[in-house]
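Worksheet for the structure shown next.
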Amino acid sequence: MRTDGTGRPYGNGELVDIDLYDDGSFPEFGFKQAPKGLATRRQLRAMNLSPGGQEPVAQLTWRSGRRMAWLYRIDLARPKRIPTLAQEQALDRAMAARQTCPECSRRYFHCLRLKTVGSCEECFDGTPAHPGSYITSAA
């Protein structure tokens, strides 16, 4: 190891972990064959966790290898972040812009085709909207 004369190594001095016996293969498990302690991103989300910056440690495949998901260690996962009230309000405003008809001011429970149609179906071609599919404006 080369030093700068004071006994300290050149560079940042961080050690690199190299596994000499690693053949480069990534552990792969079939459907419902993953060991305990590993979970997919969706499974972590269901447990209110996130991968937290860790790299995947294995791969889960199903449907003859056409579908794949990464597996993460549960013990290294972190609690998922909770959005602030301001972030939730910003998301609600963004969704309201996509769900509100500019002509009749009804806010629907689904996103409208505003780029192509420009309004809700009822305002566009007279197709009646189900009363349970929208919220009338309070104004």
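The opening residue of the sequence shown carries number 1 in my numbering; numbering runs sequentially from there. All C-beta atoms in this analysis are idealised placements derived from N, C-alpha and C, irrespective of residue type, glycine included.
Taking only the alpha-carbon atoms, compute the straight-line gap between residue i and residue j and give it to the nearest angstrom.
i	j	result
Asp92	Thr136	16 Å
Phe109	Glu122	15 Å
Thr61	Leu76	22 Å
Ser25	Gly52	24 Å
Gly37	Tyr72	8 Å
Arg45	Lys80	7 Å
Cys104	Arg42	38 Å
Ala94	Val117	19 Å
Leu114	Pro128	17 Å
Lys32	Ala96	40 Å
Just to confirm the assignment, what range does the beta strand (DSSP E) spanning residue i have?
i	result
Met47	Careful: Met47 lies outside any beta strand (DSSP E) and carries neither H nor E.
Could you give the first and the last residue of the continuous alpha helix (DSSP H) run that contains residue i?
i	result
Leu114	Unbroken run through Leu114: none, as it is neither H nor E.
Cys123	121-125
Pull up the DSSP beta-bridge partners for residue i, would you.
i	result
Met68	Thr61
Arg107	Thr100, Ile135
Leu38	Arg73
Phe29	Leu60
Pro128	Note: Pro128 sits in no beta bridge, so no partner.
Arg78	Ser50
For my contact list, residue i and residue j are in at a C-beta cut-off of 8 Å; report their separation, rounded to the angstrom.
i	j	result
Pro102	Ser119	6 Å
Glu88	Gln59	Not quite, the Cβ-Cβ distance comes to about 34 Å (not below 8 Å), so this is no contact.
Pro56	Trp70	4 Å
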